[in-house]
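What follows is a set of notes on a single structure, which appears directly below.
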Amino acid sequence: MTKLLDHGFYPVELPPPFHTKQYSKAIGTLVPSQKHSGSTTFFEGPTFRGSLRTFGVVNPINYFLLSEFIAKNWMNICSIYKKSKCSGSRPIFSNLKSEGRAIKSASLGKKRQNQQHLASGYPIILSIDINRFYNSIYTHSLPWAALGKELAKKKFSAKTLNTEWSDKLDQLVRNCNQQQTVGIAIGPDTSRIISEIILARIDADLCATGTPFKSRQIHHNIDDYQFGVMEISEAELAQSLFMKTIRKYELRVNDNKTYIQQGITFAPNNFQRQFDIVRKLEGKAFIEAFFDLIFSLSAENSDVNVIGYAVKRFAKLLSKATYHDIVQEYLQRLLFASPFQARWILPILLGIYHHTGNFSNGSRLIIWGIGTSARRNDVGSLLWYLYAALFLRIKLSKDMCDLCESITSELVDLVLYHGYKEGLFKISLGAMRQRYRVSDFSSSSWLPLYEIERRGWDTSPSFSKLGKAEDKDDLFAKLKGLGVEFYSTDAAFYRVEAFDGWNLVQNDFAEADVDNFDFGHLLDDLTGFENYD
């Protein structure tokens, strides 16, 4: 439970200040009603392709209750996971003392290895994907997955389903978003745990006695499935069986991601090996060849986040000061070309800007990124550009802040308030206060209500609700009393060391000889990488 609270609350896509502190101190102290119901705070953020998807931040009281229940029922949950032998994404907790996410992610290398193993055993591979998986999960299907649909239905008819742990889980998941039965938040680690319960039952059904497929023929990473078959007719049968099976759990196939691969054109996709070859070059030749590869491979491998993989893997080398000017130019070009890649490019750029102190071009780029992201309602990228403005102490005009406010995002509003208190952003206080005047802590506005009041950034009635009628059972007042934070303004979160999993320190950006770089510092084993495709 401690790991889920301290390292699994926010979507990994958010910038460093969205970080929980002292949240696990509430264990054993905070005792909310099991019926507490709150709203999830949703926001639009980019995939690496640039298309937007909806992420969610769960109300912390409901997240606390859900995490507590998962911790107490972990053995029950694992018993469901064991029904599957073809999942490449079974949730595994990281070490309690380690940094990073509560739930480990499958590495790019491991995923590629599993896919190649399947392709080496069968001449035809059917790839098939569940449409809008997290957004389509029917919470009542959790007891179906845990017990089997028929048994769950019988228990429901006999009015005994409420004695099952899975029925209680259904209730807690529904309460995370005002008791809605369809959809769970994309982002929190609890959603990975919940979704895998349903996937494990789907796997068991696909490989059950009487079906034509064995577990060795199937592999999936979350909702992306692959079937290995010998004939096209078997692929058609697999597709039909898969559609029928997931329909039992109120899920549907994504027709746009269903395809068959075979023959010589079905070659292993090892784009990352090309970077291994380039690293044999030295100095400016390496830098230029490296970025040439990024541009060309991004166009050739649209299903993989080449930019994110390459920049993060070679972060230590790109940070070296010998070629800061040319690295900066290439990264700025990349960001202008793909502004939605901010979370992958800004960690190196911000380190360079901070070291050189010369970021006039960077200021123009970041302000452009703020405007571009705001106009396309890309809240995820906008938060990264606003974070960059705070990192570099860049001032924003009233017009630019008004544009950001027009998105009506609770997360953006909180960052705007932070910039306002730092004397950097010019916000409309009256409009902000009016927006939150009737909000309470069970609404999607809980984050700005809590952090703005806790920090004393605004003492108006709109932000003076802790321990009052808007704070049911004084739960958020108790969190404040425990020193719980959900957003950080500490200086440590505005340094390159704050970028989780990048292994950067500001001294990396000091003068160094690229030609004698120790390539052992590269993240060659790919552990700790977020999923890139």
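Following this note's numbering, the numbering of the sequence shown begins with 229 at its first residue and continues without gaps.
Virtual Cβ for every residue (Gly too), placed ideally from N, Cα, C.
| Under the rule that 16 or more other beta-carbon atoms within 10 Å means buried, what is Lys-442, buried or exposed? | If you draw a 10 Å sphere on the C-beta of Lys-442, you find fewer than 16 other C-beta atoms in it, and that means exposed.
| query | According to DSSP, is Tyr-366 helix, strand or coil? | reply | Correct three-state label for Tyr-366: strand.
| query | In terms of residues, what are the limits of the alpha helix (DSSP H) holding Tyr-453? | reply | Tyr-453 -> not in any alpha helix (DSSP H); beta strand (DSSP E) instead, spanning 452–457.
| request: Using the DSSP secondary-structure output, state which residues sit across from Gly-284 in a beta bridge. | output: Bridge partners of Gly-284: Phe-270.
| request: Go ahead and label Glu-464 buried or exposed: buried means 16 or more other beta carbons lie within 10 angstroms of its beta carbon, across all protein chains shown. | output: When all chains shown are included, Glu-464 counts as exposed.
| task | Below 6 Å CB to CB, which residues in the same chain sit around Gly-278 once its five sequence neighbours on both sides are set aside? | result | Same-chain partners within the cutoff: Phe-568.
| Residue burial classification, Met-458 (beta-carbon count within 10 angstroms, cutoff 16) | Exposed, by the Cβ-count rule.
| Coil, strand or helix - Lys-249 by DSSP | The DSSP-derived three-state label of Lys-249 is strand.
| query | Quick one: what does DSSP say Phe-514 is sitting in, helix, strand or coil? | reply | In the structure shown, Phe-514 sits in a helix (DSSP, three-state: H, G or I).
| message | Quick check on the DSSP output: the alpha helix (DSSP H) that includes Gln-490 runs from which residue to which? | response | Annotation for Gln-490: no alpha helix (DSSP H) segment contains it, though the beta strand (DSSP E) segment containing it runs 487–490.
| Between the C-alpha atoms of Arg-621 and Lys-548, what's the straight-line distance to the nearest angstrom? | Taking the straight line joining both Cα atoms gives about 23 Å.
| field | Sequence ranges, alpha helix (DSSP H) only - wholly within the region 371–423, length at least 4 | value | Runs found: 377–385, 393–403.
| query | Would you report the Cα separation of Glu-758 and Gly-579, rounded to the nearest angstrom? | reply | Note that Glu-758 has pLDDT 46, beneath the 50 cutoff, so the model's placement of it is unreliable and no number is given.
| task | Would you please state the rounded distance, in angstroms, between the beta carbons of Asn-359 and Asn-482? I believe it to be under 8 Å. | result | About 4 Å separates the two Cβ atoms, so the contact holds.
| Once you ignore the five residues that flank Ser-312 on each side, which residues in its own chain have a CB closer than 6 Å to its CB? | Excluding residues within five positions, the ones whose Cβ falls inside 6 Å are Ala-428, Asp-431.
| Can you find a C-beta in chain B that's less than 7 Å from the C-beta of Gly-328? | Going by chain labels, chain B is absent from the structure shown, which holds only one protein chain.
| said: Just to confirm before moving on: does the CB-CB distance between Leu-354 and Ala-466 stay below 7 Å? | reply: Result yes, Cβ atoms of Leu-354 and Ala-466 sit closer than 7 Å.
| Asp-718 versus Phe-499 - alpha carbon distance | CA-CA distance, Asp-718 to Phe-499, rounds to 39 Å.
| Where does Pro-243 land, buried or exposed, given buried means 16+ other C-beta within 10 angstroms? | With 16 or more other Cβ atoms within 10 Å, it is buried.
| said: Suppose you measure from the CA of Asp-753 to the CA of Arg-541; what does that come to, to the nearest Å? | reply: Confidence at Asp-753 is low in this model, with a pLDDT of 42, below 50, so the placement of that residue should be treated as unreliable; the coordinate-derived value is given next. If you take the alpha carbons of Asp-753 and Arg-541, they lie about 10 Å apart.
| message | Give me, in chain order, the residues of the same chain whose beta-carbon lies closer than 8 Å to that of Lys-512; leave out the 5 immediate sequence neighbours on both sides. | response | Excluding residues within five positions, the ones whose Cβ falls inside 8 Å are Tyr-551, Ile-554.
| Going by C-alpha distance, which of Glu-557, Ala-617, Ile-421 is nearest Phe-297? | That would be Ile-421, whose Cα lies nearest to the Cα of Phe-297.
| task | For the alpha helix (DSSP H) containing Asn-586, list its first residue and its last residue. | result | In the DSSP annotation of this structure, Asn-586 is not part of any alpha helix (DSSP H), being labelled neither H nor E.
| request: Any chance you could list the alpha helix (DSSP H) runs of at least 4 consecutive residues sitting entirely within the region 621–666, in chain order? | output: Counting only runs of 4 or more, we get 626–633, 638–649, 657–663.
| query | Using the beta-carbon count (16 or more within 10 Å), is Gly-266 buried or exposed? | reply | With 16 or more other Cβ atoms within 10 Å, it is buried.
| said: Between which residues of its own chain and Trp-612 is the CB-CB distance below 7 Å, once the five residues before and five after are set aside? | reply: Excluding positions up to five away in sequence, the list reads Pro-243, Ala-570, Arg-571, Leu-574.
| said: Please state the DSSP three-state secondary structure of Leu-258. | reply: The answer is coil: DSSP assigns Leu-258 none of H, G, I, E or B.
| task | Taking Ser-307 as part of the alpha helix (DSSP H), name the residues at either end of that continuous run. | result | 302–309 is the span of the alpha helix (DSSP H), which, as asked, contains Ser-307.
| request: Could you check what DSSP says for Ser-315 in three-state terms: helix, strand or coil? | output: The three-state secondary structure of Ser-315, taken from DSSP, is strand.
| query | Can you tell me where the alpha helix (DSSP H) with Asp-553 in it begins and where it stops? | reply | Start and end: 552–565.
| task | Please state whether DSSP places His-264 in a helix, a strand or coil. | result | Three-state DSSP puts His-264 in coil, outside helix and strand.
| message | Please classify Asn-390 as buried or exposed, where buried requires at least 16 neighbouring CB atoms within 10 angstroms. | response | Exposed, because fewer than 16 other Cβ atoms sit within 10 Å of the Cβ of Asn-390.
| task | Reducing DSSP to helix, strand and coil, say where Val-534 ends up. | result | Here DSSP, grouped into helix, strand and coil, assigns Val-534 to helix.
| Looking only at C-alpha atoms, which of Tyr-487, Phe-283, Leu-397 sits nearest to Phe-361? | Of the candidates Tyr-487, Phe-283, Leu-397, the one whose C-alpha sits nearest the C-alpha of Phe-361 is Phe-283.
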